[in-house]
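For the sequence shown, my numbering assigns the number 446 to the last residue and increments by one with no breaks.
Note that beta-carbon positions come from the ideal geometry of N, C-alpha and C, so glycine has one too.
Fair warning: this is a prediction, and the values are worked out from it, not measured in the lab.
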Amino acid sequence: MLTVRWKNVIKVAVLCLAVSLLSFILGARVAKSPFYVSGKHLKETTFFGNEQEAAGEADDLEKLKPVADVMKIIKTKYVKDVSDSSLVEGAIKGMVQSLKDPYSVYMSPAEFEDFMISVNGSFEGVGISLGSDEKTGAVIVIAPIDGTPAQKAGILPKDRIIRVNDVSMEGKSVDDAVKLLRGPKGTKVTLYIERPGMKNLLKFDLVRDNIKLKTVAHEMLDKNIGYIKITSFDSYTSGEFDSAIADLKKKGMKGLILDLRNNPGGSLYESVRVADRILGEGLVVYTEDRNKHRLEEYYSDESKLSIPLVVLVNENSASASEILAGTIQDHKAGILVGTKTFGKGSVQELEPFENGAGLKITIARYFMPSGRSIDGVGIQPNVKAELNKGLNPLSVPKEQDNQLAKAMEVLRASITAGR
């Protein structure tokens, strides 16, 4: 069982959130910011008297006077009309950008809503991954998500979306289509689709449902070697991992390849929970604030995977995936194969506001069991294996995947050696 210890703090919540490598997933506009781990800060509570609070607030307001002055000048003299909300949002974003931290970001209500959908690993919609045609810019279906209303209705890859209800998609963006197709579970939406090779438009009447995004895929590569790929860590990942392990063991798995390549991160808790399934008893990861005060320690129990393990990593393995890979390496519970990881070792807090906006701000760094920080450094694999030139790391045919072939070679040697 996973154990968490706090150092002189009050636990609020901890998140560690992924940024998808897909362009868009229906129901969630995917962020295009750098990979990150995020967490809800565990705050030490301090109480001040009313007079001290009032004095502090007055001082803060005085410091904000130049901002109000600039806003007033723009409102009265600028050549175009500007809304108060756009000026306030611009001022806040500028304040956060002054930190020069790519992982600290202010999000508008719409941006924050989309962001939280990617955090939760589920959304309400019809279940289509969308993209745009490179030549025409038309909104097209990349793929329907298995088990969703879109997939069950027969929507196919490369279908072009012509209309959503009565709204034409002519000149519309993928983001526009996402907003039209997203909606509460049980509500209806009608899609008009143009399919290659068919003259007439196809009409699909769909009922929106809760869509869960799968982050774990698995298969047997041969009679002994199991393979699990984790694309990111959301609230369902550890459960999916458990199911994959159980299925692979039934099929005779004697060794496992865990593929974390191109995994940009995700839920810190879920990353640690997966580590708990793999490691024996011990420290998984800990976090420190700017004063080097230890905030949290995560521990795994004595149960472990107990079969040879190889972990595939590359330059796009970041954040929560680096926590998992790094702690496996520190515990000598598996062999890392591939290239140096991204090097994202900071922790962000999510702060929602009453108007629906949100702030993501860096509040801590995390450290491996050995005490090393991988922030800006990354993790060096035990066995280096560069992907062959000319191959796209985001889409490698299995038969051409020399990194996977190397992982299988290393794993077979471990199985033979009985370790």
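- Each residue's CA atom was taken as its position, placing Asp261 and Gly210 some 21 angstroms apart.
- In the displayed model, Met247 falls within a strand according to three-state DSSP.
- Listed in chain order, the non-local C-beta contacts of Pro335 below 7 angstroms within the same chain comprise Gly282, Leu438, Ser441, Ile442, Arg446, local neighbours out to five positions each way being set aside.
- Per DSSP, the beta bridge partners of Glu376 are Ile388.
- Take Leu207, set aside five residues on each side of it, and the residues of its chain with a beta-carbon closer than 8 angstroms to its own are Val191, Asn192, Val194, Val216, in chain order.
- A contact between stretches requires three or more CB pairs, one per stretch, nearer than 8 angstroms, and the segment 413-431 fails this requirement with the segment 370-381.
- Around the beta carbon of Asp160, a 10 Å sphere encloses fewer than 16 other beta carbons of the protein chains shown; the residue is thus reported as exposed.
- Less than 8 angstroms divides the Cβ of Met196 from the Cβ of Val166.
- Ser397 sits in coil when the DSSP states are folded into three classes, being neither helix nor strand.
- In terms of CA proximity to Glu323, Tyr393 leads the group Gly293, Ile144, Tyr393, Lys107.
- With a 10 Å radius around the Cβ and a threshold of 16 neighbouring Cβ atoms, Gln356 comes out buried.
- Excluding its 5 nearest sequence neighbours in each direction, Val94 has C-beta neighbours in its own chain below 6 angstroms: Ala118, listed in chain order.
- Looking at the backbone, the Cα of Gly353 and that of Asp286 are separated by about 14 angstroms.
- In this chain, the beta strand (DSSP E) harbouring Tyr313 covers 309-315.
- Following the DSSP letters along the chain, one finds Val123 inside the alpha helix (DSSP H) bounded by residues 111-124.
- Cβ contact annotation for Ser131 (same chain, cutoff 6 angstroms, sequence separation greater than five): Val123, Ile388, Thr389, in chain order.
- In this structure the segment 169-186 lies against the segment 149-159, because at least three pairs of beta carbons, one per stretch, are closer than 8 angstroms.
- Annotation: the continuous beta strand (DSSP E) that includes Ile238 extends over 236-239.
- In this model, Glu267 and Thr163 are separated by some 38 angstroms (Cα to Cα).
- Distances from the alpha-carbon of Pro291 to those of Val146, Lys127, Lys433 put Val146 closest.
- Scanning Lys226, Val234, Pro396, Gly293 for the CA closest to the CA of Ile257 turns up Gly293.
- For Phe268, the enclosing alpha helix (DSSP H) covers residues 264-277.
- Pro171: not part of any alpha helix (DSSP H); member of the beta strand (DSSP E) spanning 166-171, first to last residue.
- The straight-line gap separating the alpha-carbon atoms of Asp111 and Pro136 is approximately 15 angstroms.
- Each residue's CA atom was taken as its position, placing Asp236 and Pro176 some 7 angstroms apart.
- By the neighbour-count definition (other C-beta atoms within 10 Å, threshold 16), Ser348 is a buried residue.
- For the 8 angstroms CB-CB criterion, Ile220 and Ile189 form a contact.
- Pairing Thr368 with Glu413 gives a Cβ-Cβ distance that is not under 8 angstroms.
- Phe142 sits in a helix when the DSSP states are folded into three classes.
- Assignment of Glu297 by DSSP, reduced to helix, strand and coil, places it in the helix class.
- By the Cβ neighbour-count rule, Asp303 is buried, with 16 or more other Cβ atoms within 10 Å of its own.
- Around the C-beta of Pro424, fewer than 16 other C-beta atoms lie within 10 Å, and the residue is accordingly described as exposed.
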